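Only one structure is covered here, and it is reproduced in the block below.
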Amino acid sequence: MDLIGSLNIFIRVVETGSFSAVAREGKISQSAVTRQIAQLEEHFGARLFHRTTRHLSLTDDGQGLLAHARHVVETAEEMEAALGRQSSSPTGLVRLGLTVAAARFVAARIHLLLERHPGLRVELLADDQPGDMIEARLDLALRSGEIADASLVSRRVGLFGRGVVAAPLYLERHGAPAVPQDLTEHACLIHNIAPGAETWRFTGPDGPIPVQVTGPLIANNTASISIAVRTGLGIALLPEIQIIDDLRAGRLFRLLNDFRSELVPIHIVYPSRRNLAPRTRVVMDFLVEQMRQISSLVADGAEVLT
1 MDLIGSLNIF
11 IRVVETGSFS
21 AVAREGKISQ
31 SAVTRQIAQL
41 EEHFGARLFH
51 RTTRHLSLTD
61 DGQGLLAHAR
71 HVVETAEEME
81 AALGRQSSSP
91 TGLVRLGLTV
101 AAARFVAARI
111 HLLLERHPGL
121 RVELLADDQP
131 GDMIEARLDL
141 ALRSGEIADA
151 SLVSRRVGLF
161 GRGVVAAPLY
171 LERHGAPAVP
181 QDLTEHACLI
191 HNIAPGAETW
201 RFTGPDGPIP
211 VQVTGPLIAN
221 NTASISIAVR
231 TGLGIALLPE
241 IQIIDDLRAG
251 RLFRLLNDFR
261 SELVPIHIVY
271 PSRRNLAPRT
281 RVVMDFLVEQ
291 MRQISSLVAD
301 GAEVLT
């Protein structure tokens with residue numbers, strides 16, 4: 001039984017005082033209206049109307065049900081209206097998980113999305129060692145590498161590597177490396193997130209080139225390395241997504257352009273395709289749009305356009 005529908009018919013029978021009037025109003029048969037009321041009476045185990053050939057009146061149980069029925073129907077209508085508004089104009093909070101590098105990139109551009117959708121709110125949760133997105137109550141996440149969790153839906157949005165960068169001040173003082181092996185003579189800033197962080201790996205004309213580096217600063221997040229490299233402290237190997245704005249602004253210069261790091265796929269992941277909220281979808285579409293723009297700038301090892 002459609003309880004909300006039956007309650008709506010019950011309310012209209014009370015208001016019109018007639019089964020036939022409600023039938024005409026709803027363009028259904030009078031027997032269908034009678035059947036709906038009978039199902040309600042069976043459901044609640046109570047008689048709702050006193051009926052005669054000329055008169056229809058509520059029983060005490062019917063009178064008691066009327067106030068509750070109106071409240072339930074009004075609440076259902078409010079819920080439908082709220083969801084309808086959300087569909088046409090995405091509103092509410094979207095929790096987005098990403099790396100520290102990606103968080104900086106997204107934070108610099110998120111105003112473009114929020115200006116389009118004033119009712120939308122986005123919470124950025126940045127972590128270079130992301131955990132379980134369900135446990136973290138994330139709606140979306142940006143993840144690098146292959147996605148092993150088959151329970152998640154993933155959408156690949158680009159291939160990105162890392163770039164060797166230094167500030168103008170450092171280059172004025174120490175010069176630039178010509179080949180990866182020259183890095184052993186430079187101060188390198190190390191992002192220590194996994195074993196082997198002090199080995200920087202490149203690909204050249206003759207194949208892989210691993211280089212053991214050292215330097216004055218080791219940090220477990222790319223934000224710290226990014227700040228330090230801009231001061232001229234040393235040379236850093238950072239995700240392309242993180243250095244793009246500094247390169248365009250001239251705060252950093254990309255070095256060793258003929259020697260690329262390994263390219264890693266970037267995915268948008270989310271728990272399920274079913275009932276994806278409009279607010280989540282517009283954030284996803286925004287991320288896809290931004291990733292494609294950046295991918296076009298760094299593809300094929302090209303220098304960043306100004």
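Each residue of the sequence shown is one higher than the last, beginning at 1 in our numbering.
Quick reminder that beta carbons are idealized off the backbone N, C-alpha and C, glycines included.
For clarity, every value in this text was computed on a predicted model and none was experimentally measured.
- A Cβ-Cβ distance of about 6 Å is found for the pair residue 69 and residue 11, placing them in contact under the 8 Å criterion.
- Distance from the CA of residue 46 to the CA of residue 37, rounded to the nearest whole angstrom, comes to 11 Å.
- Closest in C-alpha terms to residue 280, from the list 219, 63, 113, comes 113.
- Rounded to the nearest whole angstrom, the C-alpha separation of residue 58 and residue 1 is 22 Å.
- Sequence-distant Cβ neighbours of residue 14 in its own chain, meaning closer than 7 Å and more than five residues away, are 58, 66.
- Residue 271 is positioned such that its CB atom lies no closer than 9 Å to that of residue 90.
- As the crow flies, the alpha-carbon of residue 124 is around 20 Å from that of residue 156.
- Scanning 231, 61, 49 for the CA closest to the CA of residue 17 turns up 49.
- Contact between residue 233 and residue 217 is confirmed by a C-beta separation of about 6 Å, below the 8 Å threshold.
- In terms of Cβ geometry, residue 76 and residue 9 do not form a close pair [threshold 9 Å].
- Residue 117 has its alpha-carbon roughly 42 Å from the corresponding atom of residue 188.
- Residue 213 carries a coil assignment under DSSP once its states are collapsed to helix, strand and coil.
- Checking the DSSP bridge columns, you'll see residue 130 has no partner listed.
- Under the three-pair Cβ rule at 8 Å, the stretch 258-265 counts as touching the stretch 150-167.
- Comparing C-alpha distances from residue 259 to each of 186, 219, 223, 182 shows the shortest one belongs to 182.
- Unbroken beta strand (DSSP E) runs of no fewer than 3 residues, entirely contained in the stretch 53-122, are found at 56-58, 92-98, following chain order.
- By a beta-carbon distance limit of 8 Å, residue 19 contacts residue 30. Their separation comes to about 5 Å.
- Remark: three or more beta-carbon pairs, one from each stretch, lie closer than 8 Å, so the stretch 126-145 and the stretch 93-103 are flagged as touching.
- The Cβ-Cβ distance between residue 282 and residue 120 falls below 9 Å.
- Residue 55 counts as exposed, since fewer than 16 other C-beta atoms from the protein chains shown sit within 10 angstroms of its C-beta.
- Contact between the stretch 127-138 and the stretch 169-186 is absent: fewer than 3 CB-CB pairs across the two stretches fall below 8 Å.
- Sixteen is the threshold: when 16 or more other Cβ atoms of the shown chains lie within 10 Å of the Cβ of residue 104, as they do, the residue is buried.
- In the three-state reduction of the DSSP assignment, residue 280 falls in the helix class, which pools H, G and I.
- Taking the Cβ atoms as the reference, residue 243 lies roughly 11 Å from residue 294, outside the contact range of under 8 Å.
- A distance below 6 Å between beta-carbons, with the five flanking residues on each side excluded, links residue 192 to the following residues of its chain, in chain order: 218, 220.
- When secondary structure is reduced to three states using DSSP, residue 203 falls in the strand class.
- Sorting 231, 62, 135 by C-alpha distance to the C-alpha of residue 40 places 62 at the top.
- Secondary structure in the stretch 220-256: the beta strand (DSSP E) runs of 3 residues or longer, each lying completely within the stretch, are 235-239, 253-255 in chain order.
- Taking residue 138 as the centre and dropping the five residues before and after it, the same chain places the C-beta of 95, 97 closer than 6 Å to its C-beta, in chain order.
- Contact annotation, residue 231 with residue 212: C-beta distance approximately 24 Å; criterion of less than 8 Å not satisfied.
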